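Here's the structure we're looking at; comments come further down.
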DNA sequence: GCCGTTTTCGGCCCGACTGTTTTCAGTCG
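Numbering (the numbering used here), first residue to last: 94 to 671.
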């Protein structure tokens, strides 16, 4: 086996993004800049490691947006960890200018002006110059811009992305409030939120109204609004107290579908669809699909897709990651829906760190529309959670059997979330684990192991005969903790070979697997399981978040084990536990 | 710098809003 390169896909993508930024500041050909950004997105969204593809001798130019030049640069980065072209750029443009480019209101032109005219290279120098009033000596920089820059620097020092679960609540409130405004017809949250993204940078809302000016006035006066950033006749932007930016756009009903498509994005998807329209002699913008001056579609999204020769593409797929090609080929997935889930195989009780008892959790699951759950409390090594030893687990097994005898409409499977110890052994012996219907393995310690050790640890645990499913495979906590270093590509490959399930954990901060690896697992034929990891009766509601994530990973009902009826699931478990 | 069922060259998405202008460049999505 060839030596594994330490250069990750994310590192390659970061280099391409940086090159795009610096080229932009240099005023390079904008299409060349875009080529680097396209390539970065391709690399970032790749399920498999470039290092492996290269080692297998795969032709990298077969990847979208990777041509001969960029394929060579990828090879160079994999070999050396950097690119000579980037080093050359650094000689002309300081890397620190990137931070300036990320400030809202500053684009490549202004960053270039700041650098050339005032020698400003970083946020500190920029802030000093702005406060000293020196920016206003530059063409195109007035007092307002200076003030904005000072504010933007402050905001940039505390960057925020918002959990999907939190934005859901905000979106609901705004949509309800705007629907109550007289003359308003449709109101819907679009943007990355509608695409099911796990975190959201800002919330886009689209509306149709008889008087859009009035709608905008009401919008900026709504209670959660802290600051009004801008307000025009058809568009307004506000900030909430927590820093979330909310944009509202209004269009006529005849444009609603085109605008919804446009503001749902992603940008890359929109560009690709617009090119299709061009190819048919049509013009596509947020107001509709036009042949010359005449609007030929736009009232509904379906009409827009139809006009460019495509079937409807679900919002979660719109990332230009192959959905357009799949649509052309009639091979779009039929995405899983929340209603397809009939069970939940990862549930805790107050025997460990849950907040409700067995029966209470079972009844809550039934109310959430589930027909079975697996109780999977922690094992003894996780002492902070009061993990179970063999004898407490025995008592829980007895309790579950008694409860199953009298509960109707919900069945409880016996399981455990067992600690995967640092050496890859499990926290309880096989003779104990064999009493259970399923065994979930999880990493809750030793996050800092180097990549090969972490990977070997998890692979070893999966090789235990009673191992059913790997929980929250990357260990990340959104906004708090990065994934541990692990080769998920190999983990998924091993799951396929071993017949293990891989979990998509639906906790708002976990949503672990990511969409990219969901898609890889699906492509490899590895069974996924969408679990709530519920610690309270309210947590079953989180299953919807997991389903949204799965949909972004092109996951269909048949890819997910807990869409199966209990009898079928039991058969599947019997083969994995054999 | 990528891409090609018209093309290996000549294309590459497009409109709203802001601030600084005095008719529009820059930025954003």
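Note that CB positions come from ideal geometry on N, CA and C, so glycine has one too.
On a predicted model such as this, the values are computed, not experimentally measured, just so you know.
Practice problem: Flag this pair as yes or no: are the beta carbons of residue 38 and residue 428 separated by less than 8 Å? | Solution: One cannot answer for residue 38 here, as it falls past the ends of the chain, which runs 94 to 671.
Quiz item: Can you list, in chain order, the residues of its chain whose CB lies under 8 Å from that of residue 497, leaving out five sequence neighbours each side?
Solution: Your numbering for residue 497 matches position 404 in the first chain. Closer than 8 Å at Cβ, skipping near neighbours: 504, 505.
Self-check item: Limits of the beta strand (DSSP E) - the one that residue 320 falls within
Solution: Stepping through the first chain from its first residue, residue 320 is reached at position 227. Run containing residue 320: 318-324, per the beta strand (DSSP E) assignment.
Quiz item: Quick one: what's residue 513 bridged to in DSSP?
Solution: As a working note, residue 513 is residue 420 in the first chain. Listed as beta-bridge partners of residue 513 by DSSP are 519.
Quiz item: If you draw a straight line from the C-alpha of residue 338 to the C-alpha of residue 193, how long is it?
Solution: Here residue 338 refers to the residue found at position 245 of the first chain. Here residue 193 refers to the residue found at position 100 of the first chain. Here the alpha carbon of residue 338 sits roughly 20 Å from the alpha carbon of residue 193.
Self-check item: Cβ-Cβ distance between residue 439 and residue 605 below 8 Å
Solution: If you number the first chain from 1, residue 439 lands on position 346. If you number the first chain from 1, residue 605 lands on position 512. Between residue 439 and residue 605, the gap from beta carbon to beta carbon reaches 8 Å or more.
Exercise. Write down the C-beta distance between residue 469 and residue 510 rounded to the nearest angstrom, noting that I regard them as a contact closer than 8 Å.
Key: Sequence index remark: in the first chain, residue 469 carries index 376 (1-based). Sequence index remark: in the first chain, residue 510 carries index 417 (1-based). Indeed, because the Cβ distance is near 4 Å, the residues count as touching under 8 Å.
Quiz item: What does a CB cutoff of less than 8 Å around residue 178 pick up in its chain, not counting 5 residues either side in sequence?
Solution: Counting from one through the first chain, the residue named residue 178 turns up at place 85. In its chain, beyond the 5 residues on either side, 112, 166 have a beta carbon closer than 8 Å to the beta carbon of residue 178.
Quiz prompt | Same chain, Cβ closer than 7 Å to residue 543, five either side skipped, listed in chain order | solution = For the purposes of this step, residue 543 is taken as residue 450 along the first chain, with counting starting at 1. Spatial neighbours of residue 543 in its own chain (CB-CB distance under 7 Å, excluding positions within 5 residues in sequence) are listed in chain order as 578.
Practice problem: List the residues that DSSP assigns as beta-bridge partners of residue 593. | Solution: Here residue 593 is taken as the residue at index 500 of the first chain, counted from 1. Residue pairing from DSSP leaves residue 593 without any beta-bridge partner.
Quiz item: By Cβ distance, which residues of its chain are closer than 6 Å to residue 602, with the 5 residues on each side in sequence left out?
Solution: Here residue 602 is taken as the residue at index 509 of the first chain, counted from 1. For residue 602, same chain residues with a beta-carbon under 6 Å away, outside a window of 5 residues either side, are 570, 571 in chain order.
Quiz item: Would the beta-carbon of residue 302 fall within 8 Å of that of residue 308?
Solution: Within the first chain, the letter at position 209 stands for residue 302. Within the first chain, the letter at position 215 stands for residue 308. Yes. Within cutoff.
Self-check item: residue 661, buried or exposed, once every other Cβ within 10 Å from all chains shown has been counted against 16
Solution: Here residue 661 refers to the residue found at position 568 of the first chain. Looking at its Cβ environment, which holds fewer than 16 other Cβ atoms inside 10 Å, residue 661 is exposed.
Practice problem: Determine the burial state of residue 530: buried for a count of at least 16 other Cβ atoms within 10 Å of its Cβ, exposed for fewer. | Solution: In the first chain, the residue the question calls residue 530 occupies position 437. Counting the other CB atoms within 10 Å of its CB gives residue 530 a total of 16 or more, which places it among the buried residues.
Exercise. Note down, in chain order, each residue of its chain lying with its Cβ closer than 8 Å to the Cβ of residue 204, except the 5 sequence neighbours on either side.
Key: In the first chain, residue 204 corresponds to position 111, counting from 1. Residues 118, 190, 193, 194 of the same chain have their beta carbon placed closer than 8 Å to that of residue 204, with the five preceding and five following residues left out of the count.
Practice problem: In the DSSP assignment, find the alpha helix (DSSP H) that holds residue 602 and state where it starts and stops. | Solution: For the purposes of this step, residue 602 is identified with residue 509 of the first chain, where counting begins at 1. Where residue 602 is concerned, there is no enclosing alpha helix (DSSP H), given that its DSSP letter is neither H nor E.
Practice problem: Measuring alpha carbon to alpha carbon, tell me which of 126, 102, 628, 639 ends up nearest residue 447. | Solution: Here residue 447 is taken as the residue at index 354 of the first chain, counted from 1. Checked all of 126, 102, 628, 639; the closest Cα to residue 447 is 628.
Quiz item: In terms of residue numbering, what span does the alpha helix (DSSP H) encompassing residue 682 cover?
Solution: Nothing can be reported for residue 682, as the shown portion of the chain is limited to 94 through 671.
Quiz item: When you compare only the Cα positions, how much space is there between residue 290 and residue 597?
Solution: Locating residue 290 in the first chain gives position 197, counting from the first residue. Locating residue 597 in the first chain gives position 504, counting from the first residue. Residue 290 and residue 597: Cα-Cα distance of roughly 15 Å.
Quiz prompt | For residue 626, three-class secondary structure by DSSP | solution = Residue numbering aside, residue 626 sits at position 533 when the first chain is read from its first letter. The DSSP-derived three-state label of residue 626 is coil.
Quiz item: Is it right to say residue 364 is buried, meaning 16 or more other beta carbons lie within 10 angstroms of its own, or is it exposed?
Solution: Working through the first chain from its first residue, we reach residue 364 at position 271. With fewer than 16 other Cβ atoms within 10 Å, it is exposed.
Quiz item: In three-state DSSP terms, what is residue 534?
Solution: On the first chain, residue 534 is found 441 positions in, with the first residue counted as 1. Strand at residue 534.
Quiz prompt | Nearest neighbour of residue 300, chosen from 320, 494, 326 [CA to CA] | solution = Counting from one through the first chain, the residue named residue 300 turns up at place 207. Of 320, 494, 326, the residue nearest in Cα terms is 326.
Practice problem: Figure out for me which residue from 104, 102, 130, 101 has the closest Cα to the Cα of residue 115. | Solution: The residue you call residue 115 lines up with position 22 of the first chain. Looking at the Cα atoms, 130 is the closest of the given residues.
Exercise. Indicate whether residue 444 and residue 485 have their beta-carbon atoms separated by less than 8 Å.
Key: Numbered from 1 along the first chain, position 351 holds the residue referred to as residue 444. Numbered from 1 along the first chain, position 392 holds the residue referred to as residue 485. Their beta carbons are under 8 Å apart, which means residue 444 touches residue 485 by this criterion.
Exercise. Pick out whichever of 181, 348, 142, 342 has its Cα sitting closest to the Cα of residue 168.
Key: Numbered from its first residue, the first chain carries residue 168 at position 75. Closest option to residue 168, Cα to Cα, is 142.
Self-check item: Own chain, CB closer than 8 Å to residue 250, minus 5 neighbours either side, in chain order
Solution: The residue given as residue 250 occupies position 157 in the first chain. Spatial neighbours of residue 250 in its own chain (CB-CB distance under 8 Å, excluding positions within 5 residues in sequence) are listed in chain order as 216.
Quiz item: Should residue 548 and residue 580 be called a contact, given that it needs their Cβ atoms to be closer than 8 Å?
Solution: Locating residue 548 in the first chain gives position 455, counting from the first residue. Locating residue 580 in the first chain gives position 487, counting from the first residue. Judged by their CB atoms, residue 548 and residue 580 are nearer to each other than the 8 Å cut-off.
Practice problem: Ignoring anything shorter than 4 residues or poking outside the stretch 137-173, list the alpha helix (DSSP H) runs there in chain order. | Solution: Those alpha helix (DSSP H) runs which fall completely within the stretch 137-173 and span 4+ residues are 143-148, 161-173.
Practice problem: For residue 524, count neighbouring C-beta atoms within 10 Å of its own C-beta (all shown protein chains included) and say buried if the count is 16 or more, exposed if not. | Solution: For the purposes of this step, residue 524 is taken as the residue at position 431 of the first chain. Looking at its Cβ environment, which holds fewer than 16 other Cβ atoms inside 10 Å, residue 524 is exposed.
Self-check item: Buried or exposed by the 16-neighbour rule on C-beta atoms within 10 Å, applied to residue 221
Solution: Counted from its first residue, the first chain places residue 221 at position 128. So residue 221 ends up on the exposed side.
Practice problem: Would you tell me roughly how many angstroms separate the C-alpha atoms of residue 514 and residue 659, rounded to the nearest one? | Solution: To locate residue 514, count along the first chain from 1; it is residue 421. To locate residue 659, count along the first chain from 1; it is residue 566. If I take the Cα positions, the gap works out to 31 Å.
Quiz item: So what's residue 261 in DSSP terms, helix, strand or just coil?
Solution: As a position in the first chain, residue 261 is number 168, starting the count at 1. Residue 261 falls in the helix class under three-state DSSP.
Quiz item: With contact counted as at least three CB pairs below 8 Å, one residue from each stretch, are the stretch 310-320 and the stretch 257-277 in contact?
Solution: The stretch 310-320, when compared against the stretch 257-277, does touch it at the 8 Å Cβ threshold.
Exercise. May I ask which residues mark the beginning and end of the alpha helix (DSSP H) holding residue 372?
Key: Your numbering for residue 372 matches position 279 in the first chain. Per DSSP, residue 372 belongs to the alpha helix (DSSP H) from 360-372.
Self-check item: CA nearest to the CA of residue 263, picked from 241, 361, 294, 236
Solution: Working through the first chain from its first residue, we reach residue 263 at position 170. Residue 263 has its Cα closest to that of 294, out of 241, 361, 294, 236.
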